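Below is one structure, written out as structure tokens; the observations come after it.
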Amino acid sequence: MFDFLCHTGRSFWIIARRRIITIPAYYLLFSVIIAGSVLFFPFALLMDLFTFQLKQLRRSAWGVFYSVWALLFLTVAMVSYPVRAAMRLASFLFPEGPIKEFLCFAFPMFMKGFHYMGIGHGFRFIYSVHQEVKCDAEIHRDRSYIIFINHTSFLDPVLPVEEILWRNKLKMRHVLWRGLILDPIIDLGVTMIDEAVVDPDNREEYAEDLRQMMRIVRRQKPGHAIAVYPEGGVENTAGEERKYKYLNNPRVAGMLHLLEEDEKSDVIFITHKGLEGGKYPMDIWRGVMTNKNIHLLMRVIPRRDVPDTIDELEVFLLNQWQRMDDWVGQVEA
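Here is the structure:
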């Protein structure tokens, strides 16, 4: 129904008509959630005292926290828009260098990282979630990276991003599914730091999607990273035989395009186990992630160890995906 709002084109009218609908709806939705969570709090307290649990209080706390945090980011982004627009105009007066980098990219990236960091910390605190992170090599700020992440939950863009972007101080762009820009926070983030929005199932816009991905790849610099979710969604591609026990089939064509265009960046494969129960926001609110253990593995592969030819590169990617699937099985066992 909202497909006309989600085109990948960046024209002013497409963005304006989308935000005229989504931003007021966002404020209304989360205002209702905050009011409902606050009103529900006394009943949640009584119910948890009766059952000797914290289930209902966690629900109420998550509703208030997530809504307030989201609305805070959205409000700051909107209020600071004139300032950011002036900064962008002023940036034309500066040559390429640290000043322009800060004005056009570093500040919006800080806002994004701070937002994700807050969601990650709030989620782990409210639901008593333990997160274990393993990385087989050091991540260097003087290198650029292409990151491939498996996708099982609406939260897995948040926790790996928080780990990489905030803790390792990388400036990371995403390749995102087109429908996500109906979320005004993602929509604003996409335009603030020039991320790519694609729909792998829409062949009519494939050329535009590919152009967007190539554009952000060409802007890679040391300390930058591009995060991609090759599976395309939390479910396996419709009509396609599942080749892995735990992970969905990756869309190798997009991975090949990125690696062909960027021949300098190292590659990171990120696998996680423990987020499977929280596919959608309602699952988190229902408390299915309470007291869960989340395991996160980051496998860093230097560019010199990545094959050059297309055939070898495809085999390499599929082998890495199989290793990710095997690791998830080991953690489950």
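So the sequence shown is numbered by the numbering used here: it starts at -2 and just counts up by one.
Where a beta carbon is used, it is the ideal one built from N, C-alpha and C, also for glycine.
Quick caveat, the model's predicted, so the values are computed rather than measured.
**Report entry** Endpoints, alpha helix (DSSP H) assigned at Lys276
**Finding:** Per DSSP, Lys276 lies in no alpha helix (DSSP H) segment and is marked neither H nor E.
Query - Spatial distance of Gly110 from Val73 (CA atoms) - result: Gly110 and Val73: Cα-Cα distance of roughly 14 Å.
Query raised in the report: Does the count of Cβ pairs from the stretch 310 to 321 and the stretch 206 to 226 closer than 8 Å reach three?
Result: The stretch 310 to 321 vs the stretch 206 to 226: no contact.
Requested in this report: Determine which residues share a DSSP beta bridge with Glu329 and list them.
Outcome: Bridge partners of Glu329: none, in fact.
Query raised in the report: Is the number of C-beta pairs between the stretch 289 to 307 and the stretch 116 to 133 that are closer than 8 Å three or more?
Result: Enough Cβ pairs lie closer than 8 Å, so yes.
Report task. Provide the residue(s) that pair with Glu129 in DSSP beta bridges, ordered along the chain. Result -> Paired residue(s): His292.
Query raised in the report: Three or more beta-carbon pairs under 8 Å between the stretch 132 to 149 and the stretch 262 to 271, yes or no?
Result: Output reads yes: the stretch 262 to 271 touches the stretch 132 to 149.
Query raised in the report: Should Phe102 be labelled buried (16 or more other beta-carbon atoms within 10 Å of its own) or exposed?
Result: Taking all protein chains in view, the Cβ of Phe102 is crowded by 16 or more other Cβ atoms within 10 Å, so the residue is classified as buried.
Query raised in the report: Would you call the CB atoms of Glu192 and Arg215 closer than 7 Å?
Result: Contact: no.
Query raised in the report: Per DSSP, what kind of secondary structure is Tyr78 in: helix, strand or coil?
Result: It is helical.
**Report entry** Classification of Phe(-1) by the beta-carbon crowding that lies within 10 angstroms, buried from 16 upward
**Finding:** With a pLDDT of only 43 at Phe(-1), under 50, the local geometry of the prediction cannot be trusted, and no value is derived from it.
Query - Endpoints, alpha helix (DSSP H) assigned at Ile223 - result: Unbroken run through Ile223 is the beta strand (DSSP E), 221 to 225; no alpha helix (DSSP H).
Query raised in the report: Mind pulling the alpha helix (DSSP H) runs of 4 or more residues that sit fully within the stretch 176 to 211?
Result: Taking only runs of at least 4 residues, the alpha helix (DSSP H) segments lying wholly in the stretch 176 to 211 are 181 to 190.
Report task. Decide yes or no for the touch test of the stretch 251 to 262 against the stretch 30 to 47: beta carbon pairs closer than 8 Å, at least 3 of them. Result -> Short answer: they don't touch.
Query - Buried/exposed call for Asn245, threshold 16 Cβ in 10 Å - result: With 16 or more Cβ atoms within 10 Å of its Cβ, Asn245 is classed as buried.
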